[in-house]
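Trainee:
Protein chains in written order, with full-length UniProt numbering: chain Y, 1 to 328; chain U, 1 to 495.
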């Protein structure tokens, strides 16, 4: 794709992106909510679960991003009870996958539910999908930060083809995913968020010429400096948290570990309490070296057995066996 | 210790027939009379008469009388003080030796499989049980004096006792276990000997016979001994661990004594954590390759070891260990895979993994990821999800990296596969076209062309002139060369 066409496509998407933004008021409600309602934390945890499922089933990042877009828009529009959250999120993923993935790569609904350890049925999922589709008037893919990221990436490469190896789209996608797991970023305009990510990566690569290209994009889309600056700060902070060794340990529901009956029996039977009481080893009682035939006299009643046969002396390991196990 | 109203009935002293004799009342307040003691010895001697229990109908009355007498002896010993005077010791040990030290009968079933078959029980159990009971009471009696007893309970006695551990009767072995445990506890002078003999038994079992019924019982005793080891551990004990206990894991009948064996191993590690590395390397060396049941046992043991492992020791063995675990999770046998995956349900193991996630995740990742798509068992697939999710949360960026490189690698492999297919297709085309070329040359008329497109024979069948032979030889050479080239490329691709 040549540069001109790319820029044109960029403009088109830029104009459309507002249609796919979640209602800000709705997002604010979630952020300020407490227990009993869907909170920012529960939304974030759900999105992380969506990512786990996406990764596990081999879905593309596109499916994930689309699912999150549907989810945020739905949650910002409708008051959803916390107990339905997992059903909503899974239906968003299923919908997104259906328009993104190949037919053969689609995971059936009941498998999705089983692996996601959810409590509702496939028909529940189907009904929820209908509701989501209806409310969001879902027809096709939304314009998301990923859309822009891919375009920015292509544009950059057309201007700096020698950078093909270093500016990795995969890495950018992973970073986008990290940001989408925090509801704060749902407020950002996708074009701005994507540009902030792009610039962050370019800065870390210390590439002045690529940053120049990003300026070019910013001017083309007329993105205000202040807005870009704000989101760049958020992105930087999020990415540094993400990479830090102290990953936030979400205390969400514990995973279920279901094993077969036989393994379960095995697990419970193997820890047996020993019945025989411990026999402490005396420091003076037993002969140190098996070769010594000396009587070790002690203060107590016991002394070395008087009838020392040939078995008490001699090497610890009988000769004919010693050869064998040395070879083993 | 209250004195009870104990009566020993005096019996007829003839050897063959037993008749109950007069009962003598004992004065509650007085000590045991010498008469009682004499009676005691006489009863002991009487009990040295052995009866044939394989004959189920003979001597029934006499057998019953002996049984009653043995019972009496047990009660007498258990409830009175002052029974164990010096001259009683040889009588007691003699009675016991006479009754229990015997050649064990050969097994009824020569192919006796301890896991599957019912054991052959001791026919003379009604008597022998009481003799064992008596021996135990003897050892545990508050008046028992090892300094006197050691003249009679000597190495020969112990050796014969050990031989009895090969009995098929589990009740007998259970008694022997407790008895030997007590002997080991009380006779310090016999300890080294006992350890050495057990050593011999195990080594013979591992390397020669693979048959011994009492391994579990001996290991149980050893467990209580290991538990009592003084620190620092003696070299002898460490050698025993590495040269006997670890190789013991290779036995075919491991399931019969694995619990006890694992307990011993873990006790050693609790005593001396520096033994962890050699132990785990030893287990990895003997890791079962074809027996899934054993593999599950090994995994159980590894979990027990990990439960007590020190973090510094863990670091030393994490890489080879998790390489094995990665193989286990990919094992098509679902029980093996399940058991390995279940490690991730163990909090302490998780904490160890988390601390060392940068080393462990790369090892586990590709097996887990691959098997999540390929394993036939649905329970396993669900467990793999749990494990992957847990690992992902420990280090997200690393996980992302590994995912990306895994996908890239898959892409490369797919491309190679396509290239290879392409080459073979070209080769086939080449052969076909050259074959038709030869046929054209040799006949000159298209009508006579043999449309034989088989890869092997088309060149041989249509030859007639020697010049054709030459041409063909050249072409065959070329084809051969192409094939070799492609084969070489394929090999290098595979590498």
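Glycine is no exception: its CB is placed at the ideal position from the N, C-alpha and C atoms.
Keep in mind it's a predicted model, so treat the numbers as computed, not measured.
Is residue 185 (chain U) close to chain Y? Criterion is C-beta to C-beta, closer than 8 Å.
Mentor: Reading the second chain from its first residue, position 185 is the one you call residue 185 (chain U). Closer than 8 Å to some Cβ of chain Y, the Cβ of residue 185 (chain U) qualifies, so yes.
Trainee: Which residues in the same chain have their Cβ closer than 7 Å to the Cβ of residue 212 (chain U), if we skip the five residues on either side of it in sequence?
Mentor: In the second chain, residue 212 (chain U) corresponds to position 212, counting from 1. Excluding positions up to five away in sequence, the list reads 166, 201 and 205.
Trainee: What is the rounded straight-line gap between the Cα of residue 277 (chain U) and the Cα of residue 258 (chain U)?
Mentor: By one-based count along the second chain, residue 277 (chain U) stands at place 277. By one-based count along the second chain, residue 258 (chain U) stands at place 258. Distance between the alpha carbons of residue 277 (chain U) and residue 258 (chain U) is about 20 Å.
Trainee: DSSP three-state label for residue 270 (chain U), please.
Mentor: In the second chain, the residue the question calls residue 270 (chain U) occupies position 270. Correct three-state label for residue 270 (chain U): helix.
Trainee: Between the C-alpha atoms of residue 240 (chain Y) and residue 178 (chain Y), what's the straight-line distance to the nearest angstrom?
Mentor: Residue mapping note: residue 240 (chain Y) aligns to position 240 of the first chain, counting from 1. Residue mapping note: residue 178 (chain Y) aligns to position 178 of the first chain, counting from 1. Looking at the two C-alpha atoms, the distance is approximately 11 Å.
Trainee: DSSP state of residue 36 (chain Y), grouped into three classes?
Mentor: The count along the first chain starts at 1 and reaches residue 36 (chain Y) at position 36. Coil, per DSSP.
Trainee: Counting only C-beta atoms, is residue 217 (chain Y) closer than 8 Å to chain U at any point?
Mentor: Reading the first chain from its first residue, position 217 is the one you call residue 217 (chain Y). No - not a single Cβ of chain U is within 8 Å of the one on residue 217 (chain Y).
Trainee: Are the CB atoms of residue 129 (chain Y) and residue 84 (chain Y) nearer to each other than 8 Å?
Mentor: Position 129 of the first chain, counting from 1, holds the residue named residue 129 (chain Y). Position 84 of the first chain, counting from 1, holds the residue named residue 84 (chain Y). Cβ atoms of residue 129 (chain Y) and residue 84 (chain Y): not closer than 8 Å.
Trainee: Within 8 Å of any Cβ in chain U, is that where the Cβ of residue 170 (chain Y) sits?
Mentor: As a first step, residue 170 (chain Y) must be located in the first chain, where it is residue number 170. It does: the Cβ of residue 170 (chain Y) has a partner Cβ on chain U nearer than 8 Å.
Trainee: Taking the continuous alpha helix (DSSP H) assigned at residue 242 (chain U), which residues delimit it?
Mentor: Along the second chain, one-based indexing puts residue 242 (chain U) at 242. Note, residue 242 (chain U): premise wrong, no alpha helix (DSSP H); not H, not E.
Trainee: Quick one: complete alpha helix (DSSP H) runs, 4+ long, within the region 166-240 of chain U?
Mentor: 170-186, 191-204, 215-227 and 235-240
Trainee: Going by CA-CA distance only, name the one from U:57, U:34 and U:69 that's closest to residue 48 (chain U).
Mentor: The count along the second chain starts at 1 and reaches residue 48 (chain U) at position 48. Comparing alpha carbon positions, the residue from U:57, U:34 and U:69 closest to residue 48 (chain U) is U:69.
Trainee: Output, in sequence order along the chain, the residues in the region 277-299 of chain U whose CB is closer than 8 Å to any CB in chain Y.
Mentor: 296
Trainee: So which of U:172, U:108 and U:179 has the shortest CA-CA distance to residue 129 (chain U)?
Mentor: Locating residue 129 (chain U) in the second chain gives position 129, counting from the first residue. The shortest Cα separation from residue 129 (chain U) among U:172, U:108 and U:179 belongs to U:172.
Trainee: Considering residue 125 (chain U), what are the terminal residues of the alpha helix (DSSP H) in which it resides?
Mentor: Locating residue 125 (chain U) in the second chain gives position 125, counting from the first residue. 125-140 is the extent of the alpha helix (DSSP H) around residue 125 (chain U).
Trainee: Flag residue 385 (chain U) as yes if its beta-carbon sits less than 8 Å from any beta-carbon of chain Y, otherwise no.
Mentor: Working through the second chain from its first residue, we reach residue 385 (chain U) at position 385. With 8 Å as the cut-off, residue 385 (chain U) counts as an interface residue toward chain Y.
Trainee: What residues from chain U crowd round residue 109 (chain Y), counting only those whose CB sits closer than 9 Å?
Mentor: As a working note, residue 109 (chain Y) is residue 109 in the first chain. None at all; the shortest Cβ gap to chain U is about 15 Å.
Trainee: When you compare only the Cα positions, how much space is there between residue 499 (chain U) and residue 222 (chain U)?
Mentor: The structure shown has nothing for residue 499 (chain U), since chain U only spans 1 to 495.
Trainee: Buried or exposed: which applies to residue 100 (chain Y), given that a residue is buried once 16 or more other Cβ atoms fall within 10 Å of its Cβ?
Mentor: Mapped onto the first chain, residue 100 (chain Y) falls at position 100. Buried.
Trainee: Measuring CB to CB, does residue 38 (chain Y) end up less than 8 Å from residue 82 (chain Y)?
Mentor: What you label residue 38 (chain Y) is simply residue 38 of the first chain in a count that begins at 1. What you label residue 82 (chain Y) is simply residue 82 of the first chain in a count that begins at 1. Yes, the Cβ-Cβ distance between residue 38 (chain Y) and residue 82 (chain Y) is below 8 Å.
Trainee: Give every residue of the same chain whose Cβ lies closer than 7 Å to the Cβ of residue 492 (chain U), excluding the five residues on either side of it in the sequence, and list them in chain order.
Mentor: Locating residue 492 (chain U) in the second chain gives position 492, counting from the first residue. Unreliable placement is indicated for residue 492 (chain U), whose pLDDT of 47 sits below 50; no coordinate value is reported for it.
Trainee: According to DSSP, simplified to helix, strand and coil, what is residue 97 (chain Y)?
Mentor: For the purposes of this step, residue 97 (chain Y) is identified with residue 97 of the first chain, where counting begins at 1. It is helical.
Trainee: Measuring only between beta-carbons, confirm whether residue 307 (chain Y) sits less than 8 Å from chain U.
Mentor: Start at 1 with the first residue of the first chain, and residue 307 (chain Y) comes out as number 307. Residue placement at residue 307 (chain Y) is flagged as unreliable, the pLDDT there being 33, under the threshold of 50; the coordinate-derived value follows with that caveat. Yes, residue 307 (chain Y) counts as interfacial toward chain U.
Trainee: Look up residue 231 (chain Y) in the DSSP assignment and say whether it is helix, strand or coil.
Mentor: One-based indexing of the first chain puts residue 231 (chain Y) at position 231. Correct three-state label for residue 231 (chain Y): helix.
Trainee: Go ahead and label residue 232 (chain U) buried or exposed: buried means 16 or more other beta carbons lie within 10 angstroms of its beta carbon, across all protein chains shown.
Mentor: Start at 1 with the first residue of the second chain, and residue 232 (chain U) comes out as number 232. So residue 232 (chain U) counts as exposed.
Trainee: List, in chain order, every chain U residue whose beta-carbon is nearer than 8 Å to that of residue 115 (chain Y).
Mentor: Stepping through the first chain from its first residue, residue 115 (chain Y) is reached at position 115. By Cβ distance, chain U contributes 381, 382 and 385.
Trainee: Taking Cβ to Cβ, would you say residue 399 (chain U) is nearer than 8 Å to residue 364 (chain U)?
Mentor: Counting from 1 along the second chain, the entry for residue 399 (chain U) is found at position 399. Counting from 1 along the second chain, the entry for residue 364 (chain U) is found at position 364. No, Cβ-Cβ distance for residue 399 (chain U) and residue 364 (chain U) is not below 8 Å.
Trainee: Along the region 329-350 of chain U, where does the CB come closer than 9 Å to a CB of chain Y? Name the residues.
Mentor: 334, 335, 338, 339, 341, 342, 344 and 345
Trainee: Could you tell me the alpha carbon to alpha carbon distance between residue 370 (chain U) and residue 106 (chain U), rounded to whole angstroms?
Mentor: As a position in the second chain, residue 370 (chain U) is number 370, starting the count at 1. As a position in the second chain, residue 106 (chain U) is number 106, starting the count at 1. Those two C-alpha atoms are separated by around 53 Å.
Trainee: Note down the Cα distance separating residue 343 (chain U) from residue 136 (chain U), rounded to an integer number of angstroms.
Mentor: The count along the second chain starts at 1 and reaches residue 343 (chain U) at position 343. The count along the second chain starts at 1 and reaches residue 136 (chain U) at position 136. Computed Cα separation, rounded: 43 Å.
Trainee: With distances taken between CB atoms, is the gap from residue 268 (chain U) to residue 241 (chain U) smaller than 8 Å?
Mentor: Reading the second chain from its first residue, position 268 is the one you call residue 268 (chain U). Reading the second chain from its first residue, position 241 is the one you call residue 241 (chain U). It is a contact, given that the beta carbons lie within the stated cut-off.
Trainee: List the residues of chain U whose Cβ lies closer than 9 Å to the Cβ of residue 174 (chain Y), in chain order.
Mentor: Reading the first chain from its first residue, position 174 is the one you call residue 174 (chain Y). Near residue 174 (chain Y) (Cβ distances below 9 Å), the residues of chain U are 396, 397, 400, 401, 403 and 404.
Trainee: Looking at the structure shown, is residue 358 (chain U) part of a helix, part of a strand, or coil, going by DSSP?
Mentor: Along the second chain, one-based indexing puts residue 358 (chain U) at 358. Residue state, collapsed to three classes: helix.
Trainee: For residue 59 (chain Y), which residues from the same chain have a beta carbon less than 7 Å from its beta carbon, with the 5 sequence-adjacent residues on both sides left out?
Mentor: Indexing the first chain from 1 puts residue 59 (chain Y) at position 59. Close CB contacts of residue 59 (chain Y) within its chain, under the 7 Å cut and outside five residues either way in sequence, are with 97 and 101 (chain order).
Trainee: Just checking my contact of residue 145 (chain Y) with residue 90 (chain Y) at CB under 8 Å: how many whole Å lie between their CB atoms?
Mentor: Residue 145 (chain Y) sits at position 145 when you count from the first residue of the first chain. Residue 90 (chain Y) sits at position 90 when you count from the first residue of the first chain. About 22 Å separates the two Cβ atoms, so there is no contact after all.
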